[in-house]
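As they're listed, the protein sequences go chains B and S.
Every letter in the first sequence is one number past the one before it in our numbering, and letter 184, counting from 1, is 184.
In our numbering, each residue's number is its place in the second sequence (first place is 1) plus 218.
Virtual Cβ for every residue (Gly too), placed ideally from N, Cα, C.
Structure record follows, encoded as C-alpha cells.
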Amino acid sequence: MTGGLEGPTPEERPKPAGRRNELGIRIDPEAEAARPHRRTVISALVAHEPGVLSDVSGLFSRRQFNIESLTVGPTETDEQARITLVVEESDPGIEQIKKQLRKLIPVISVRELDPDAMRRELALVKVNATRPDQVAAVADMYGGKTVDASPETATIEVTGARQKIDAAIEAFSQFGIREISRTGTTALARGTDDTATEGAQADDYQSENTHTVPADDD
Amino acid sequence: MSERASVPPKTAEPTDDQPTDERTNEEQPTAADTRAETKPVTTGAESVVRALENAGVEYAFGVQGGAIMPVYDALYDSDIHHITMAHEQGASHAADAYGIVSGEPGVCLATSGPGATNLVTGIADADMDSDPMIALTGQVPTDMVGNDAFQETDTTGVTTPITKANIFANESDRVGDDVGEAFALAGTGRPGPTLVDLPKDVTLGETEQEPGEPRTPDTYTVQERADEATVRRAARRIEESSKPVMLLGGGVIKGGATEEVRAFAIEHDIPVVTTMPGIGSFPEDHELAMEMAGMHGTGYANMAVTHCDTLIAVGTRFDDRLTGGIETFAPDAEVIHIDIDPAEISKNIHAEYPLIGDAATVIEQLAEAVEHSPQATKWRAQCQQWKSDYSMAYKTPDDEPLKPEFVVEALDEATSDRAIVTTGVGQHQMWACQYWTYTEPRTWVSSHGLGTMGYGFPAAIGARLAADDDQEVIAIEGDGSFLMTIQELSVAVREEMDITVAVLNNEYIGMVRQWQDAFFEGRHSASEYNWCPEFDKLAEAFGARGFRINDYDEVADTIQAALEYDGPSVIDVHIDPHANVYPMVPSGGDNGQFALTEDQL
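Structure, rendered in C-alpha cells:
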C-alpha cells in the first residue's frame with residue numbers, strides 16, 4: 001500500500017497524564033470509584049395525544065436506558081397525561097434521561113421525584129383457593145381486598161409501595177400463585193410540592209449529585 | 219386559465235419569514251410582501267403548499283406518486299420551483315444540502331410506502347448532522363391506515379427515531395399549520411429534519427383555513443443565553459489556562475456564530491481545532507488553525523486536543539470519530555461546552571462548564587466576561603512545532619500512479635474561496651477534508667454522522683440551487699459512492715446545473731480496502747471490483763460532459779476544461795488504487811497515538 005506521512009512515531013510522542021472513565025469524566029487513574037446505578041422515579045407531564053407513549057418507550061429502548069416500569073394515565077387537565085417512569089441508571093444516565101425526555105415535543109415537563117415522594121403500585125394476585133381462610137388472613141395482613149372468588153381461585157388486590165407488594169406476593173406464594181398482574185409504580189410529590197409542572201425543571205446541572213438513594217417505601 | 223398568468227413573478231431575492239431569532243434570518247424581508255394577491259385555499263393540499271409559501275420556500279425536491287398527487291397538483295399553481303429527482307433518496311439529500319448551504323430548511327416530497335422509505339436514509343442523515351429539512355410524505359387515506367393498504371407504510375413510526383419531530387396530519391383544516399409547525403421546528407434551536415405525513419383524504423379534503431406563519435408549538439422552548447455564573451467561572455478558567463484550545467463543531471456554522479468565534483479566538487490567541495461538520499467555521503489558512511481533529515484529522519489537531527488543559531467546545535456532540543477512545547480524549551482538559559441542546563452536555567464527554575445557549579450569544583457572553591487573554595505563548599509555539607512535525611505533505615513518487623491529494627489541491631487551486639465542496643463517504647471524503655483549504659462557512663457539505671455513501675452528487679444538486687451563481691459547486695466523489703446515486707445526473711442535465719464532479723476512482727471501496735489491509739490481513743472481501751464503468755462515457759450518455767485524467771500532467775488543464783463547461787461535467791480521475799488515508803486513529807484509539815503509516819496501526 002502507498003501513502004503515509006512523516007513525523008515522530010507514536011512511541012516518540014509525549015503522553016498526557018490524565019484519563020477519563022467510560023462516562024467521559026476525568027478521573028484519577030489511581031483511584032477510580034465505580035458509578036453505582038440507582039433506582040429513581042421520573043415523572044413527566046405530557047400532551048395527551050396519540051403517539052406519546054411510543055415516543056417515550058422508543059426513546060428508552062433506542063438509547064438503552066434501563067427502565068423498570070412505565071405507567072401512564074390522565075391528569076386533572078383533559079389535555080395532559082402523566083407518565084411515571086421507574087429507572088435504574090448511574091447519575092449521568094439519569095440526567096441524560098431527563099434531558100432526552102424534555103426534547104420530545106409533546107413532553108411538557110419532566111422531574112425526578114424526591115426520595116420521599118409517594119409511590120404506589122397495584123397488583124392483582126390470583127391464588128389457588130384451597131385454604132380460603134388463610135388466603136383471607138394474608139390478604140388482611142397486607143391491606144389487600146379480595147376482588148374475585150371462585151371455588152378454585154381467589155384474586156386479591158394489593159396496593160402499596162413496591163416492597164410491600166413484593167412481600168405480599170412472597171406471602172401468597174404458599175397457596176400457589178396462578179397469575180399476577182402488576183401496574184408498575186405511579187407517584188406524586190408530597191405536600192404542596194408540584195410533581196411535574198412548568199416551573200419544576202430547575203433541578204439540573206448543579207444539583208446532579210445531591211440525590212440520595214431513595215427509600216423504596218414511605 | 220392558468221393561475222401562473224395572474225401571479226406576479228417572484229423576485230430573485232431569497233425570502234424568509236421563519237419566526238426564529240437565529241442571526242442568519244435577521245436581515246431578510248418577510249414573505250408577506252410577495253403574498254398579497256394569492257387566492258384563498260380550498261383544499262388541504264393547497265393549504266400545505268400555502269404553508270410552504272408562507273415560510274418563504276423557493277425550491278422543493280421530490281418524486282411524484284399516488285398518495286402525494288394532491289399536493290403535487292397544488293404545487294402546479296405555485297411559484298415554488300420543484301425539482302423532480304430520479305430517486306427519493308436523492309430528494310432527501312438534495313433538500314439536506316440545500317438546508318446546509320442556505321441555512322433554511324430544505325423541502326423534500328415523496329409518496330407513501332416506498333417513496334417514504336426511500337427518503338429515510340436522507341432523513342437519518344439530516345438527523346445525525348442536525349441539518350434543517352422538512353419531508354412531506356403522502357399517505358393512504360385515513361380510513362385505510364392500519365389495513366396494510368397498497369403502498370402503506372407506518373411512516374411516522376418508521377421516522378420517529380430519525381426526526382426531530384414528525385406529525386401525522388389528521389384534518390384538512392389543520393394540515394397547513396402542521397406543515398408550518400414542522401417547518402418552524404426544523405430550523406429553530408438545534409436544527410433537524412421534521413416530517414409531515416399527509417393522508418390523501420386530508421389533502422383532498424375541503425378547507426378554507428389559511429395556514430398562519432410557521433410557528434413552533436408551545437411546548438418547545440429554546441434557551442438562548444447561558445447561565446451568567448457559569449459564564450463567569452468559564453471566563454476565569456480561560457484566563458488561567460496555559461494550554462487552551464477551541465474546538466468548533468457544526469453548531470458554530472448552523473448558529474451563524476462564525477464571526478463571533480473567529481473574533482474570540484483571534485482576540486485571545488487561542489489555537490482552533492474543528493470537527494468535520496465544523497470545517498469552514500475557521501479559516502484553515504490562519505496561523506491559529508490546527509484544522510480537523512479525529513480519526514483522520516491532522517496530527518497537529520490531535521496533539522493539540524490531547525494535550526490542552528482547557529477545551530472550549532462550541533456546537534459539537536463529541537462523536538466517537540472525533541474523540542477516539544473516551545478514556546484518552548483531552549484527558550488533561552477541563553471542558554467548557556457551549557451547545558444549544560442541553561442533552562448534548564455531558565452526554566459523551568463531561569463538561570465542567572456547561573453553557574447552554576445559542577453559539578453566537580454565548581460566545582459574546584464569554585467575550586464580555588473574559589478580562590485578559592490566557593498566557594499561552596509557549597503553548598502556541600508548541601502547536602506551531604506540531605504543525606511542522608506532523609506536516610500533511612505527501613509524496614508523489616514517479617513510479618506510482620496519480621495521488622488523490624494532488625487532485626484535491628488542484629481543484630482547490632482552480633476554484634474560488636467560496637466554492638462549495640460536496641462529497642460522498644470514504645477515502646475521497648477524507649482527502650477532501652484534508653487537502654482542500656476551507657476558509658468560509660457553508661462551503662463544506664458532507665455526510666458526517668450517518669456516513670452515507672452516495673450523498674455527494676444529490677447534495678451538489680441541492681447546494682447548486684442554494685448557492686450564489688458565482689459560487690462553484692464541486693462534488694468530490696469516490697467510484698463506489700458515485701455509483702450509488704449516479705442516476706441523479708439525469709436531473710442535473712435536465713435542470714442545466716453547473717456542477718463539476720471529480721470521481722477519485724481507485725476501483726475499490728477504498729476505505730474498506732484500507733481497513734482490510736490494516737485489520738483483516740489484506741483479505742479484500744467485497745471491496746474490489748473486477749470491472750468498473752468508465753465514468754466519463756457514462757456522463758456523456760446522460761448528456762453531461764465527460765473527462766478523464768490518468769496522470770499528473772493532465773490534471774490542471776482537464777480541471778480547467780471541466781470547470782469552464784457550463785453544465786454538469788464529470789471527471790473520471792484514475793488515482794493510485796493503493797493510496798491510503800493518513801493520519802489515522804483506529805476506532806476507539808488514542809487520538810495522540812495516530813498512525814502516520816500502516817505499520818504504526
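Item                                                                                                                                                                             : Value
Is the distance from the Cβ of LYS621/S to the Cβ of ALA797/S below 8 angstroms?                                                                                                 : yes
May I ask you to list, following chain order, the residues of the region 531–545 of chain S that have a beta carbon less than 7 angstroms from some beta carbon of chain B?      : ILE544 and GLU545
Would you call the region 291–298 of chain S and the region 449–466 of chain S touching, i.e. three or more CB-CB distances under 8 angstroms?                                   : no
Where does the unbroken beta strand (DSSP E) through ARG433/S begin, and where does it stop?                                                                                     : No beta strand (DSSP E) holds ARG433/S; DSSP gives it neither H nor E.
In the DSSP assignment, find the unbroken beta strand (DSSP E) run with ARG162/B in it and report its ends.                                                                      : Element bounds for ARG162/B: not the beta strand (DSSP E) but the alpha helix (DSSP H), 162–172.
The beta strand (DSSP E) with SER181/B in it runs from where to where?                                                                                                           : 177–182
Measuring CA to CA, which of ASP193/B, ARG190/B and GLN134/B is closest to SER173/B?                                                                                             : GLN134/B
I'd like the list of long-range same chain contacts for GLY407/S, defined as Cβ closer than 6 angstroms, with 5 residues on each side in sequence excluded.                      : VAL440 and ILE558
Check whether the Cβ of VAL107/B lies closer than 8 angstroms to any Cβ atom in chain S.                                                                                         : yes
Closer than 6 angstroms by C-beta to GLY148/B: which residues in its own chain qualify, once you throw out the five before and the five after it? Chain order, please.           : Rather than Gly, the amino acid found at residue 148/B in this sequence is Asp. Counting only Cβ-Cβ distances below 6 angstroms, and skipping sequence neighbours, we find THR155.
Between which two residues does the alpha helix (DSSP H) carrying CYS601/S extend?                                                                                               : 595–607
Are the CB atoms of ALA285/S and VAL358/S within a distance shorter than 8 angstroms?                                                                                            : yes
Does THR256/B pass the burial test, meaning 16 or more other C-beta atoms within 10 Å, or should it be called exposed?                                                           : Any property of residue 256/B remains undetermined from this structure, which presents chain B solely from 1 to 218.
Decide if HIS792/S is buried, meaning its Cβ has at least 16 other Cβ atoms within 10 Å, or exposed.                                                                             : buried
For PRO106/B, collect the residues of the same chain with a Cβ closer than 8 angstroms to its Cβ; drop the 5 residues on either side in sequence, then sort them by chain order. : VAL46, ALA47, GLU49, GLY51, VAL52 and ASP55
Kindly indicate which three-state DSSP category GLU79/B falls into: helix, strand or coil?                                                                                       : coil
Using a Cβ-Cβ distance under 8 angstroms, would ASN336/S count as near chain B?                                                                                                  : no
Output yes if chain C places a C-beta closer than 8 angstroms to the C-beta of PRO379/S; else output no.                                                                         : Structure shown: chain C not included; protein chains present are B and S.
Quick one: which residues of the region 8–20 of chain B get their C-beta closer than 8 angstroms to a C-beta of chain S? List them in chain order.                               : PRO8, THR9, PRO10, ARG13, PRO14, LYS15, PRO16, ALA17, GLY18, ARG19 and ARG20
Can you list, in chain order, the residues of its chain whose CB lies under 7 angstroms from that of GLU618/S, leaving out five sequence neighbours each side?                   : ASP794
Under 8 angstroms, do GLY642/S and GLU695/S count as touching if we go by C-beta distance?                                                                                       : yes
Taking a contact to mean a Cβ-Cβ separation below 8 angstroms, would you say VAL138/B touches ALA171/B in this structure?                                                        : yes
Mapping the DSSP letters down to three states, classify MET729/S as helix, strand or coil.                                                                                       : helix
For PRO74/B, which residues does DSSP report across the bridge?                                                                                                                  : ALA81/B
Pull up the distance between the alpha-carbon of TYR571/S and that of ARG455/S, whole angstroms please.                                                                          : 9 angstroms
So, is the C-beta of LEU5/B closer than 8 angstroms to a C-beta in chain S?                                                                                                      : yes
For GLU509/S and PRO14/B, I'd like the C-alpha separation in whole angstroms.                                                                                                    : 20 angstroms
Taking DSSP as the reference, what is the three-state secondary structure of LEU668/S?                                                                                           : coil
Got a sec: is the Cβ-Cβ distance from GLU22/B to anything in chain S below 8 angstroms?                                                                                          : yes
Select from SER708/S, LYS605/S, GLU552/S and ALA531/S the residue whose C-alpha is nearest the C-alpha of VAL580/S.                                                              : ALA531/S
Going by DSSP, what residues sit across from TRP662/S in a beta bridge?                                                                                                          : VAL639/S
Tell me which residue opens and which closes the alpha helix (DSSP H) that CYS651/S is part of.                                                                                  : 645–653
Any idea what DSSP makes of LYS565/S, helix, strand or coil?                                                                                                                     : coil
Using C-beta distances below 8 angstroms, list every residue in its chain close to ALA813/S, excluding the 5 sequence neighbours before and after it, in chain order.            : TYR800, PRO801, MET802, VAL803, PRO804 and LEU819
Answer with yes or no whether the minimum CB distance from PRO801/S to chain B is below 8 angstroms.                                                                             : yes
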